[in-house]
Amino acid sequence: MEKLFNRSDRIAQELQKKIAAIIQHSLKDPRIKTIITVSEVQVSKDLSYAQIFVSF
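Numbering of the sequence shown is given in numbering that gives the first Met the number 0, commencing with residue 0 and proceeding in unit increments.
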């Protein structure tokens, strides 16, 4: 059986991947010595905002 995801879940998953890639490849601050992880992204149903949770 195929899993059903709504649009906001798919967009949240894609945002999580893209933001993690941007952080990994673009963040070159020598003061940050730990790994930063995008742990979760929550997108509103109307796609007007997103909450991005990071851990380090």
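Even glycine gets a Cβ: it sits at the ideal position worked out from N, Cα and C.
**Asked** Smallest Cα separation from Q127: which of S43, S38, F4 and Y48?
**Response** Any question about residue 127 goes unanswered here, given that the chain covers just 0 to 55.
**Prompt:** Since S38 is in the beta strand (DSSP E), which residue starts that stretch and which ends it?
**Reply:** Counting from 1 along the sequence shown, the entry for residue 38 is found at position 39. It spans T36 to V42 - the beta strand (DSSP E) in which S38 sits, taken as one unbroken run.
**Request:** Whole angstroms is fine: what's the gap from I34's alpha carbon to A11's?
**Result:** Indexing the sequence shown from 1 puts residue 34 at position 35. Indexing the sequence shown from 1 puts residue 11 at position 12. So the two alpha carbons sit approximately 21 Å from each other.
**Prompt:** Are the beta-carbon atoms of I51 and V40 separated by less than 9 Å?
**Reply:** The count along the sequence shown starts at 1 and reaches residue 51 at position 52. The count along the sequence shown starts at 1 and reaches residue 40 at position 41. Yes, the Cβ-Cβ distance between I51 and V40 is below 9 Å.
**Request:** Starting from A49, follow its DSSP beta bridges and name the residues at the other end.
**Result:** Mapped onto the sequence shown, residue 49 falls at position 50. Answer is V42.
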